[in-house]
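K.L.:
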Amino acid sequence: SRREPCLADYDEARRGFAWGQAGELLDGLPGGALNIAYEAVHRHAQGPAGDRLAIRFLTQGAPPFDLTYRDLSQASHRFSNVLSRLGVQRGERVATLMGRVPALYAAVLGTLAAGGVYCPLFSAFGPEPVRSRLQLGSVRVLVTTDLLYRRKVAVIRNELPGLKHVLVVRTHNGGDLPDGTQDFDEAMRAESPDFSVVRTAPEDCALLHFTSGTTG
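In our numbering, the protein residues as written are 63 to 278.
Laid out in structure tokens, this is it:
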């Protein structure tokens with residue numbers, strides 16, 4: 063059945079907006095803590111919206127691929143557990159270099175749920191912009207595809223001693239795993255879909271975003 067949109071009148075919503083009212087819409091974690099991933103996905107997955115469609119992926123020549131809030135929550139938790147197994151600590155940087163595929167959302171949400179700092183990298187970057195961002199951001203974990211790794215990262219990997227782990231999503235069935243990387247799907251399957259979301263404060267760093275030259 064058709065439902066009314068959440069934002070039917072933008073001008074009216076803008077006139078009446080207050081941060082206090084926005085805060086009242088959040089569930090929060092025990093003790094007054096917050097976590098972006100919990101507010102965005104996990105609280106919905108635990109309630110009546112768990113089976114509601116969260117994301118639909120459309121790929122040319124393939125049927126739609128759907129993820130419910132519960133699916134997305136479990137994928138996120140698996141990635142949080144992957145980071146824990148790799149020894150990634152709260153506040154450390156995790157980057158992605160890929161398009162809008164299911165693994166991207168699991169990595170973003172899983173990083174935030176684990177208290178990490180997420181750094182998005184544009185998949186059209188060449189090796190040098192990728193190197194500078196990974197280096198300047200002190201990125202410890204990178205999630206990318208096997209194709210993008212070979213084209214953009216392999217040639218600069220020896221210049222990135224701080225990049226300890228690279229997880230690759232295989233785009234070619236049967237292809238060899240690039241040297242120095244781990245299979246993303248295998249790593250995810252080995253982990254539990256349960257995770258205790260990290261309690262974060264409103265001013266904790268969550269996102270590291272590089273501009274493309276606008277600041278000089």
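No residue lacks a Cβ here, since even glycine has one placed at the ideal position from N, Cα and C.
This one's a predicted model, so the numbers in the text were calculated from it and none came from an experiment.
1) Which stretch, first to last residue, makes up the beta strand (DSSP E) that contains Y131?
2) Note down, one range per segment and in chain order, each beta strand (DSSP E) of at least 3 residues found wholly within the segment 98–125.
3) Any contact between the segment 154–162 and the segment 238–254? By contact I mean 3 or more CB pairs, one from each, below 8 Å.
4) Taking 8 Å as the limit between beta carbons, can you name the residues of its chain near V192, skipping five residues before and five after?
5) Whole alpha helix (DSSP H) runs in the segment 180–232 with 4 or more residues, listed along the chain?
6) Starting from L269, follow its DSSP beta bridges and name the residues at the other end.
7) Buried or exposed for E154, please, with buried defined as at least 16 other CB atoms from any protein chain shown within 10 angstroms of its CB.
8) Would DSSP call F246 helix, strand or coil?
9) Can you list, in chain order, the residues of its chain whose CB lies under 8 Å from that of L88, leaving out five sequence neighbours each side?
10) If I follow the unbroken alpha helix (DSSP H) through T173, where does it start and stop?
11) What does a CB cutoff of less than 6 Å around V228 pick up in its chain, not counting 5 residues either side in sequence?
12) Would you tell me roughly how many angstroms separate the C-alpha atoms of T121 and F127, rounded to the nearest one?
13) Between the C-alpha atoms of V150 and E248, what's the straight-line distance to the nearest angstrom?
14) Taking the alpha carbon of K35 as the reference point, which residue from S258, A252, N143 and L196 has its own alpha carbon closest?
15) In or out: H104 buried (at least 16 other Cβ within 10 Å) or exposed?
16) Measuring CA to CA, which of R152, R251, E86 and R162 is closest to R118?
17) Three-state secondary structure (DSSP) at D128?
18) Taking all protein chains shown into account, decide if G172 is buried (16 or more other Cβ within 10 angstroms of its Cβ) or exposed.
P.N.:
Let me lay it out:
1) Run containing Y131: none in the beta strand (DSSP E); it sits in the alpha helix (DSSP H), Y131 to R147.
2) 115–119
3) no
4) L159, L183, K214, V215 and I218
5) 189–198
6) Y180
7) buried
8) helix
9) L96 and E101
10) P164 to A175
11) L204 and T243
12) 8 Å
13) 18 Å
14) Because the chain here runs from 63 to 278, residue 35 falls outside it and cannot be looked at.
15) buried
16) R162
17) strand
18) buried
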